[in-house]
Amino acid sequence: MFKITDEIIDSHIDNIIDLTHKLAKSKLSVLVGPNGTGKSLIRKQIGVQLYRKYKYNVLRHVSMELRTNTYSELGALSSIFRDNDVEPTSICTLDLIEKMHDNVSSSSKKVYLVIDEPEIGMSIESQLGIAKKIVELKEYIDNPYLGILVITHSPTILDRLVNSDFEFNYIGYNITHCSYDDYKNREIVETDFEWLKDWSHQLFLRVRDRSTSARK
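Quick look at the structure:
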C-alpha cells in the first residue's frame, strides 16, 4: 500500500465531499469501495446535503445496526437477544425495507432512501431476492423517493442491478471514480489490516479537525 500523508488524507476527504454532492437526485445510485474509504461517512452526510440542496430533511436507511429484529417485550434486555432466532436475516432485511416503504408511501414527505450493505449474512439466493426488491422500488423514485442509494460489497447485487440502469459510484483509497467494468476487472489484493488501522485512524482525526475548524 502507499504511504499515508497529510496531503493524501486531505485529498481523500475532498473526494468524499465531492462524491456526496454528486449523488444524483431521481436516480438509483450504487456506491462501492473497500472498507475504510468513507462510504458510511457519505451515508451520514447525505441528509445534510439533501436539506441544503432541496430543503428535504428526511432520510430513511437500512443498515447493519437496524437489520435484526428485537424482542421489545423484554425492554432494556432486548439488545441482548438482538438476533432473531425464528426468521433469517434476509427476511428481517426485507421486512424492514417493506415496512419502511409502507410508512413512507403513506406520508406527504419526500424521502431519499439509503440501503446500506443489505447483503450481510445472506446467501446468494437471498441477495438476488433483495436486488429484485430494490429494482422494484425504482418505480417509486420521485414519489415518494427523491432517489435511492445502495451501498454494497456484493458482486451478486451489483450484477443484478447493472441491468436496471443505475448510477455507479466507486470510492477507493486514492481514487474516487472508475467505470463499472474497471471495477469488475480490478486487481484484488488482500487487506493489510495494520495499514488499514493507521489509515482509518488518521482519516478520523483529519475529519474531526476539519469539522472543528469549520465551526470556528
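For the sequence shown, this note's numbering begins at 9 and goes up steadily by one. For glycine and all other residues, C-beta sits at the position ideal for the given N, C-alpha and C.
- Message: For P96, tell me which candidate among F176, E127, N43, F212 has the shortest Cα-Cα distance.
- Response: Measuring from the Cα of P96, the nearest candidate turns out to be E127.
- Between I132 and the rest of its own chain, which residues show a CB-CB distance below 7 Å, the 5 nearest in sequence each way excluded? In the same chain as I132, and ignoring 5 residues on each side of it, the C-beta atoms closer than 7 Å to its own belong to T164, in chain order.
- Query: When you compare only the Cα positions, how much space is there between S19 and I196?
  - Reply: The straight-line gap from Cα to Cα measures roughly 23 Å.
- Please work out which residues of its chain come closer than 6 Å, Cβ to Cβ, to E175, disregarding the five sequence neighbours upstream and downstream, and give them in chain order. Close CB contacts of E175 within its chain, under the 6 Å cut and outside five residues either way in sequence, are with A32, K35, S37 (chain order).
- Quick one: what's got a C-beta closer than 7 Å to R51's C-beta in the same chain, skipping five residues either side? Contacts found: H69, V122, D124, I159.
- Residue from K141, N23, D189 whose Cα sits closest to the Cα of I99: It is K141.
- Message: Is the separation between the beta-carbon of Q57 and that of T13 shorter than 8 Å?
- Response: The criterion of a C-beta distance shorter than 8 Å is not satisfied by Q57 and T13.
- If we call anything under 8 Å between Cβ atoms a contact, is L169 one with A139? Taking the C-beta atoms as reference points, A139 is found nearer than 8 Å to L169.
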